[in-house]
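Here is the structure we will look at.
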Amino acid sequence: MHLNIVARVLGILLMIFSLTMLPPILVATIYGESTSSMFALAFAITLIVGLVFWLPSKRVTAEMRTRDGFVITVFFWLVLSTFGALPLMLSETANLSFINALFESVSGLTTTGATVISGLDDLPKSILYYRQQLQWLGGIGIVVIAVAILPMLGVGGMQLYRTETPGPMKDSKLTPRIRETANVLFKIYLALTLACGLAYWLAGMSAFDAISHSFSTVSIGGFSTHDASIGFFDSSAIMSICAFFMVISGINFALHFHVWHDRKLSHYWSDPEARMYIYLLLVGILITCLYLYYSGTYGWSESIRQGGFHLISIMTTTGFTSDNFSGWPTFLPFFLIFLSFFGACAGSTGGGIKIGRMLILGQQCIREIYRLVHPNALLPIKIHNRRVPSRVADAIWAFFGAYLAIFYLMVLLLLASGLDYVTAWSATAASLNNLGPGLGEVAINFAEINGFAKWVLCWGMLLGRLEIFTLLVLFTPTFWRN
Amino acid sequence: MKIVIVGAGQVGGTLAENLAREYNDITVVDINEQALRALQDRLDIRTVAGTGSHPNVLVNAGIEDADMLVAVTSSDEVNIIACQVAYSLFHTPTKIARIRSRNYTNPKYKAKLFNDNHMPVDVMITPEQVVTDYIQKLVEQPGALQVLDFADGSIQMVGLRAVKDSPLVGQQLRTLKDHMPNVDARVAAVFGKDGAIFPTGDTVIEDGDEVFFVAARNNIRKVMSELRRLEKPYRRLVIAGGGNIGFRLAKALENDYNIKIIEFSTERARHLSEKLDKTVVLNGSATDQDLLLDENIDKADVFLALTNDDEVNILASLLAKQLGARKVMTLISNPVYADLMQGGAIDIAISPQQATTSSLLAHVRQGDMVSVHSLRRGAAEALEIIVHGDEKSSKVVGRAIGDIKSPPGSTLAALVRNGEVIIAHHDTVIESGDHVIVFVVDKANTKAVEKLFAVGFTFF
């Protein structure tokens, strides 16, 4: 472990992050709000702390090792969540305590979308914008952004990149150089955001809402500038645009790159993970719509509209709502949240366990059954006609086990803090899967639950975003032993 | 530049490392996934597992928009096919193949065989031959640490260690002219105890400094005598290891030197004895003290350890030195070992990858580079560049060397104009078509040098 390098990179990243507090000042100026000074203060604090980290070690040139990568990424998310909470804490209108501000900030950066604020519609626009921007930065991973724009992260960039990218295959690069890869991902992200924002605007949102919601849609975040979320607009066009971009953002960005690079749409269909994702979405929508109709919740058209939108929103782990889905017949809310465990595709901005992992797990289960019938058969697991290395398969099982263990540990902790079972279960799923809304007490927002539960959920969101092991590795003695 | 390298062995790996450092887009292809993973962990490159001559694998590696294919697997045939596939299916502009077998490179067949109509290999490299040439020059120039040829050998750059009590040591560099009024030479770089010293007229060379100078080939020995006591030409060589390099070296030198070659394998030794006429072929171990003593190792001028095993080379060299060999030169491919042994009992550590990589780098660089030599384990570089353009489009043509703003840490050492060697002075004017020899102390500045000599559309 090289503390110098860690401090240097952390310092630089913090200084970059401090810049993200400048756009809200612009927003405040446009809307004539009095929040500018507060954002300026937050900017100054973050910048100075960054400088303090960076200055003593600015001349260090040693190479970044794998371990340093873990430390930097984890610390960066921790530090960032803390500093990201600054403006929310400083704001008088939002009036948040430290843990509430932290919860909001973590929820933003991890693209969870759970909020503790009620009365969003009355908040200053600059603060609303800031929340959306947090999600956007967290969506692709601010480290990826940093790798894309910082030439100095050169070789070491891979170590960072690997710790932050979601999905089972972390070594695959789109281009030979990591910086190019990060660049490509960033550009795709940017293009999707622009397209989404434009579509929203054309569909009738105000420019402010269009930009804000494009941030939280493409990042699969789920923050909204209104308490009623997407339901506020009450427009089928906006709901379908939102659904479309959620589906697109839930697909592996590498796949987007290949489609764009080869100008071949059929890549989406030939990729087993994307195909599975689309199948699951279609089957899920079918079940939800039929159940909504036959249980008499809605009429036909409303069943399809609400059912389709919510299924996409929950399964991709975005968490936008247009209606109170927790009030639907009990099967449906649980069904939707269950699907959020599958989440989106690996290498996308979505959360959950990821379809890619589920696919390999499923294949392994089928293999065991097959093996009972043909005891002597050699049965490699294949994805896209290529054998999945057993190392990857092992890692996925371990991940799956750890995911479940942590899930139930969190549920127990929440139960211990006094929440009821439905709230505890759904809140844990909502945080660990980076989903957002839960059921029971947390169906609307997370303001009412106790402080301890919020701490637990903050950790849950970070564990989910960093895919557990990146965070857990720092808590093992081996990591710190020299 | 987008480059696909086929083969992740020693040559491929070192090449990938060098090229990736220079911000090229590198993809390495190999069948050995483990070797690929090791490279991927260390370098910012992409790797593809598969047979390097298969079109599908090459497509995965991005051959379609690659600027260059470098096929350096251990199999000549795979290398040739990879080039053929790249040419026929993907029109890759530059194709370089490693060809080991002399049967292919035999001048009788070479020109007919390797052309765009038959086997489209643009550049052939034979690492063993490159290393052999490198060693041969060291043997021919006693006292030199490194000898580099420029402009087909008419001009040479020699690196050596300055020894006290020689005429120039302790003196300012500008006195060089007074010492040798008839000889023109230029010191390109001095590496002292505290790293590189940029040579000016006031620079004083001290005992133990590593000095690189440039002179016409026939003046080299005179200049060397200024820096260290001139050594007698070598006569008796003992070579340990009769592999490709040992054999080629013996073959090249056996008419002028007294050579004994020690080979462990009986079969190979028999083969060597048939192919070599004057060389004494000994069957035995290079680390066998009795054998070395019997063969008068204490009378040997140079002991060359050239087996393909670093550890054996090092041990044999240490033993030979202890038993009284005057000079030992050792082939060490592991850079860590080379660092360990440098300046100890081993006089010259030869890095095979460095020699091979040098010969490839010239093709990767921008501008019209004739050759690139990697020095001091890749830290420094000596470049031979052909100057193009006119006074308008080039930053150097028509200007005196003193007026050219050369990048920091680079020295314009000499130039060759129509076969005539001109040692660079501050009033020498560069013309179009000159071969310029530039020494770059820190490789990081190579890009700036390339830019300086590039015929610039940057100007318009």
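Chains as they are written, first to last, in this note's numbering: chain G, 317 to 798; chain R, 479 to 938.
All residues carry an ideal CB built from backbone N, CA and C; glycine is no exception.
Cutoff 7 Å: residue i Cβ touching any chain G Cβ
i	result
A926 (chain R)	no
R524 (chain R)	yes
I504 (chain R)	yes
F938 (chain R)	For F938 (chain R), the predicted structure reports a pLDDT of 40, less than 50, and the residue's modelled location is therefore unreliable. The matter cannot be settled from this model.
G490 (chain R)	no
Interface flag, residue i vs chain R, CB-CB below 7 Å
i	result
R493 (chain G)	yes
K670 (chain G)	no
K580 (chain G)	no
K441 (chain G)	no
K770 (chain G)	no
K374 (chain G)	no
Own chain partners of residue i with C-beta closer than 7 Å, once the 5 adjacent residues on each side are dropped
i	result
I541 (chain R)	V482, L547, A564, F568, T570
S530 (chain G)	T509, C512, G513, Y516
R797 (chain G)	none
S611 (chain G)	P645
L805 (chain G)	An answer regarding residue 805 (chain G) cannot be provided, because it is not within the stretch 317 to 798 covered by chain G.
V727 (chain G)	A740, W741, T744
S373 (chain G)	N320, A323, R324
M777 (chain G)	V422, S423, T426, T428, S747, N750
V343 (chain G)	K441, S442, Y445
S837 (chain R)	I603, V608
6 Å Cβ shell around residue i - same chain, five flanking residues per side excluded
i	result
T936 (chain R)	Unreliable placement is indicated for T936 (chain R), whose pLDDT of 47 sits below 50; the coordinate value is still reported in the next sentence. Correct list: empty, nothing qualifies.
L608 (chain G)	Y614, S619, G623
F795 (chain G)	V789
A745 (chain G)	I653
G767 (chain G)	I415
A803 (chain R)	I775, A778, F781
T427 (chain G)	Q451, G454, G455, S535, I536, G537, N750
Y612 (chain R)	A833
Contact belief for residue i with residue j at Cβ below 8 Å, rounded distance in angstroms
i	j	result
I628 (chain G)	A559 (chain G)	5 Å
T505 (chain R)	P492 (chain G)	5 Å
H913 (chain R)	V848 (chain R)	6 Å
L436 (chain G)	H542 (chain G)	6 Å
V550 (chain R)	V489 (chain R)	5 Å
Where residue i meets chain R, residues with beta-carbon distance less than 8 Å
i	result
M503 (chain G)	According to the sequence as given, residue 503 (chain G) is Lys; it is not Met. Residues of chain R passing the Cβ test: none, with the nearest at roughly 17 Å.
K698 (chain G)	Simply none; closest approach about 15 Å.
Residues near residue i in its chain [Cβ-Cβ closer than 8 Å; skip 5 each side]
i	result
L695 (chain G)	R683, Y686, R687
A674 (chain R)	A667, V668, A858, G887, V919, D920
K753 (chain R)	F725, K729
A498 (chain R)	I504, L521, D522, I523
A494 (chain R)	I483, A486, I504, V506, L517, L521, I523
S305 (chain G)	Limits of chain G in this structure are 317 at one end and 798 at the other, which puts residue 305 (chain G) out of reach.
A709 (chain G)	I676, Q680, I697
F716 (chain G)	I669, R673, L677
T345 (chain G)	S352
Within-7 Å CB hit, residue i to chain A
i	result
F762 (chain G)	The structure shown contains no chain A; the protein chains it does contain are G and R.
Of the listed residues the options, nearest to residue i (C-alpha basis)
i	options	result
G455 (chain G)	G:N766, G:L444, G:I536, G:W370	G:I536
L319 (chain G)	G:R383, G:L363, G:F355	G:R383
R495 (chain G)	R:A932, R:R746, R:Y501	R:Y501
G457 (chain G)	G:T792, G:F791, G:P793, G:E783	G:E783
A544 (chain G)	G:L725, G:S434, G:H700	G:S434
R707 (chain R)	R:G876, R:R639, R:T835, R:I509	R:R639
L651 (chain R)	R:V641, R:S632, R:L838, R:E684	R:E684
S442 (chain G)	G:V689, G:L518, G:I712, G:I527	G:I527
P659 (chain R)	R:E704, R:A629, R:K642	R:E704
A926 (chain R)	R:R578, R:T492, R:I882, R:N722	R:I882
T529 (chain R)	R:I558, R:D519, R:D543	R:I558
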